[in-house]
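Asker: I have a structure I would like to understand better, so I am pasting it below and will then ask my questions one at a time.
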Amino acid sequence: MNTDNPSTTKARSAPRSAPGGDAARPRHSGANRWLALVVLSLAQLMDILDSTIVAIALPTAQHDLGFPAGYRQWVLTGYALAFGSLLLLGGRLSDFFGRKRLFLVGVGGFALASAVGGAAGNFTTLLAARVGQGAFAAMLAPAALSLLSITFADNARERGRAFGIFGAVSGAGGAVGLLLGGVLTQGLSWRWCLYVNLVIAAVAFVGGLCLLHDGDRPRRVRLDITGTVIVVLGLVGIVFGLGTAETNGWHDVATLGPVIAGVVLIAVFVVIERRTAHPLLPLRVVLDRVRGAAYLTLGIAGIGMFAVFLFLTYYLENTLGFTPVQTGLAFLPMIGLVMAGAVFSGAVLLPRTGPRPLVPIGCLLAAIGMVVLTGIGGGSSYGANVLPALLVTGAGFGFIFGPVQNAATSGVRSYDAGVASALVTTAQQIGGSIGTAVFSSLTTTAIASYLSAHPATAAQPVTIAEATFAGYHLVFWVAAAVFLSSAVLAALLFRSGPLPVDAGHAADHDPLDPRSPAITADHDTPPDKEHTA
Numbered sequence: 000m001n002t003d004n005p006s007t008t009k010a011r012s013a014p015r016s017a018p019g020g021d022a023a024r025p026r027h028s029g030a031n032r033w034l035a036l037v038v039l040s041l042a043q044l045m046d047i048l049d050s051t052i053v054a055i056a057l058p059t060a061q062h063d064l065g066f067p068a069g070y071r072q073w074v075l076t077g078y079a080l081a082f083g084s085l086l087l088l089g090g091r092l093s094d095f096f097g098r099k100r101l102f103l104v105g106v107g108g109f110a111l112a113s114a115v116g117g118a119a120g121n122f123t124t125l126l127a128a129r130v131g132q133g134a135f136a137a138m139l140a141p142a143a144l145s146l147l148s149i150t151f152a153d154n155a156r157e158r159g160r161a162f163g164i165f166g167a168v169s170g171a172g173g174a175v176g177l178l179l180g181g182v183l184t185q186g187l188s189w190r191w192c193l194y195v196n197l198v199i200a201a202v203a204f205v206g207g208l209c210l211l212h213d214g215d216r217p218r219r220v221r222l223d224i225t226g227t228v229i230v231v232l233g234l235v236g237i238v239f240g241l242g243t244a245e246t247n248g249w250h251d252v253a254t255l256g257p258v259i260a261g262v263v264l265i266a267v268f269v270v271i272e273r274r275t276a277h278p279l280l281p282l283r284v285v286l287d288r289v290r291g292a293a294y295l296t297l298g299i300a301g302i303g304m305f306a307v308f309l310f311l312t313y314y315l316e317n318t319l320g321f322t323p324v325q326t327g328l329a330f331l332p333m334i335g336l337v338m339a340g341a342v343f344s345g346a347v348l349l350p351r352t353g354p355r356p357l358v359p360i361g362c363l364l365a366a367i368g369m370v371v372l373t374g375i376g377g378g379s380s381y382g383a384n385v386l387p388a389l390l391v392t393g394a395g396f397g398f399i400f401g402p403v404q405n406a407a408t409s410g411v412r413s414y415d416a417g418v419a420s421a422l423v424t425t426a427q428q429i430g431g432s433i434g435t436a437v438f439s440s441l442t443t444t445a446i447a448s449y450l451s452a453h454p455a456t457a458a459q460p461v462t463i464a465e466a467t468f469a470g471y472h473l474v475f476w477v478a479a480a481v482f483l484s485s486a487v488l489a490a491l492l493f494r495s496g497p498l499p500v501d502a503g504h505a506a507d508h509d510p511l512d513p514r515s516p517a518i519t520a521d522h523d524t525p526p527d528k529e530h531t532a
């Protein structure tokens, strides 16, 4: 990884105008760039909340469409498969064909797929719509994050504030999905959990059309077809295998086979990227010390975040008797702390300290919240036992999301902004898939072990409830360990000091485009040094 001193990254030439003058740079005035942030945040919210909003509506949708209970997981897995496996391709396409163009295509396509899903009359149509949502989300998410990165490339304080807000939306989107899903399912219909995207997409599309600008011309080079096919198949294998672990078990070939095949394909993909002249994922993006630490931290933290939303939702509804709407409202204090923590850490602290002290603090707070949740039981209450954990965890998530997303796109050249942004969401998706599989399996194992240890009373409701709590407690303890390990890694891997700011980010020299201006120094390894042709 690049371990250069931060001071060397500041030794850059003065920003130069790309051919055609300032028109090649982002054309956002002070007010317009904040309106652009609203548009990009709306698009990000649509991506994130659709990972959870449909989960609330699934039982009702199953009853309405009449499909078996075993099919329900595929409505969620279909979205995750398409989204997670196509993100790198979507990120690179945004670099090739233009970030604004891919953003608009992603928003429009996502809205169309949502309309089809909302009007679905059978399971096949609903599943196809969810896969379509995932595919268009894979175009939309990296384009949005890379547009944010180039829009706020020239001011560290404004960049920190913008990424704090964007990170708050990312961190709170899952909980917003739970609340909105409950309200729409109970008040209108499960179909409105999909139709609501039409409203959000309309605002994002019109706003994007008017307010968003690409920082430079898209570079038209040959797409790495071989690498694309290999990495898509590898990510599909990993996500698919992990998605079936709860049903088939960890020792079943249906689980291990796809996961092992996916890991092997990812290794082959890395070899290909080292040798190809036009890589889908230039390794300089990952091997930079700051960005590499950000991707790793986000992936590991993503594993632990799953425990909060899913298992705490189970506890609130099944034990405390909350309705879906009440469950969503119960997460609101956490959402508030996520947003406050992300904005404060991103706007006030990050420009001064960099991510090294902030991300470990966030992970430690999240770990403390998980430890508090290990005390929940049948006699617990929301105010005394759940709310304190949500507040601590929310503050921790805020300190993680904003700084990490900022760091993950820091110092990256504009021609790599799309794929660097795609890796952010890819890390979250893979982490979430691992968390889903591991924690679901741990819960099942813990419950079975508890019941086998109490055979005489295994059929009693009290014993079954205690076995369930044993499963929850194990999950929260493991999640605490995951966040703790993420804190240690972040403290060790992140570099001290503020993140580098490149005022000429949008007009960077593209070594594959002879029309672009040269630069004298770079935060990254030049592309012609990263591979052996």
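For the sequence shown, position 472 matches number 471 in numbering that gives the first Met the number 0, and the numbering has no gaps at all. All C-beta atoms in this analysis are idealised placements derived from N, C-alpha and C, irrespective of residue type, glycine included.
Contact between the region 76 to 88 and the region 204 to 211 is defined here as three or more beta-carbon pairs at a separation below 8 Å; is this criterion met?
Answerer: Touching, no.
Asker: According to the neighbour-count rule (16 or more other Cβ atoms, all chains shown, within 10 Å of its Cβ), is Phe305 buried or exposed?
Answerer: Result: buried.
Asker: Any contact between the region 90 to 105 and the region 228 to 240? By contact I mean 3 or more CB pairs, one from each, below 8 Å.
Answerer: Counting Cβ pairs under 8 Å, fewer than three are found: no touch.
Asker: Tell me whether Thr326 is buried or exposed, calling it buried when 16 or more other Cβ atoms sit within 10 Å of its Cβ.
Answerer: The residue is buried, with at least 16 neighbouring Cβ atoms inside 10 Å.
Asker: For Asp46, which three-state DSSP category applies?
Answerer: In this structure, Asp46 counts as helix in the three-state DSSP scheme.
Asker: By how many angstroms is the C-alpha of Arg273 removed from the C-alpha of Arg288?
Answerer: So the alpha carbons of these two residues sit roughly 18 Å apart.
Asker: Could you spell out the range, first to last residue, of the alpha helix (DSSP H) harbouring Thr225?
Answerer: From DSSP, the alpha helix (DSSP H) with Thr225 extends over 224 to 242.
Asker: If you follow the alpha helix (DSSP H) that Gly206 is part of, which residue opens it and which one closes it?
Answerer: Looking at the DSSP string, the run of the alpha helix (DSSP H) that includes Gly206 is 191 to 210.
Asker: Please report the straight-line C-alpha distance between Met338 and Phe400, rounded to a whole angstrom.
Answerer: Whole-angstrom Cα-Cα distance: 10 Å.
Asker: Classify Asn384 as helix, strand or coil using the three-state DSSP reduction.
Answerer: In the structure shown, Asn384 sits in a helix (DSSP, three-state: H, G or I).
Asker: Can you give me the C-alpha to C-alpha distance between Ala505 and Phe95, rounded to a whole angstrom?
Answerer: For Ala505, the predicted model reports a pLDDT of 39, less than 50, meaning its position is unreliable; a value from the coordinates is still stated below. Answer to the nearest angstrom: the Cα atoms are 15 Å apart.
Asker: For Pro323 versus Thr184, is the C-beta spacing smaller than 8 Å?
Answerer: Taking 8 Å as the Cβ cut-off, Pro323 and Thr184 qualify as a contacting pair.
Asker: Between Asp46 and Leu144, what straight-line distance do the alpha-carbon atoms span, to the nearest angstrom?
Answerer: Going from the Cα of Asp46 to the Cα of Leu144 covers about 12 Å.
Asker: Let me know the secondary structure DSSP gives Pro25 once reduced to three states.
Answerer: Note that Pro25 scores 47 on pLDDT, short of 50, meaning its location in the model is unreliable and no value can be drawn from it.
Asker: Can you tell which of Ile360, Asn384, Leu179 has the C-alpha that lies nearest to the C-alpha of Val370?
Answerer: The shortest C-alpha separation from Val370 is found at Asn384.
Asker: Consult DSSP for Ile375 and reduce its assignment to one of helix, strand or coil.
Answerer: Three-state result, Ile375: coil.
Asker: Let's see if you can read the secondary structure: which residues bound the alpha helix (DSSP H) around Gln57?
Answerer: One point to set straight first is that residue 57 is Leu, not Gln, in the sequence displayed. Where Leu57 is concerned, the enclosing alpha helix (DSSP H) stretches over 52 to 64.
Asker: Could you check where the alpha helix (DSSP H) with Asp94 kicks off and where it finishes?
Answerer: Per DSSP, Asp94 belongs to the alpha helix (DSSP H) from 71 to 96.
Asker: So, at 8 Å on beta carbons, what are the nonlocal neighbours of Leu295 in its own chain, with the 5 sequence-adjacent residues on each side left out?
Answerer: The residues are Ala426, Leu488, Leu492.
Asker: Got a sec: is the Cβ-Cβ distance from Leu222 to anything in chain D below 8 Å?
Answerer: No chain D is part of this structure, which consists of one protein chain only.
Asker: Is Val168 closer than 8 Å to Leu44 when the C-beta atoms are compared?
Answerer: A contact, by the Cβ cut-off of 8 Å.
Asker: Which same chain residues, not among the five before or five after Asp521, have their C-beta less than 6 Å away from its C-beta?
Answerer: The predicted model places Asp521 with a pLDDT of 40, which falls under 50 and marks its position as unreliable, so this point remains unresolved.
Asker: Between the region 432 to 447 and the region 328 to 342, can you find at least three pairs of beta-carbon atoms closer than 8 Å?
Answerer: Cβ pair count under 8 Å is below three, so no.
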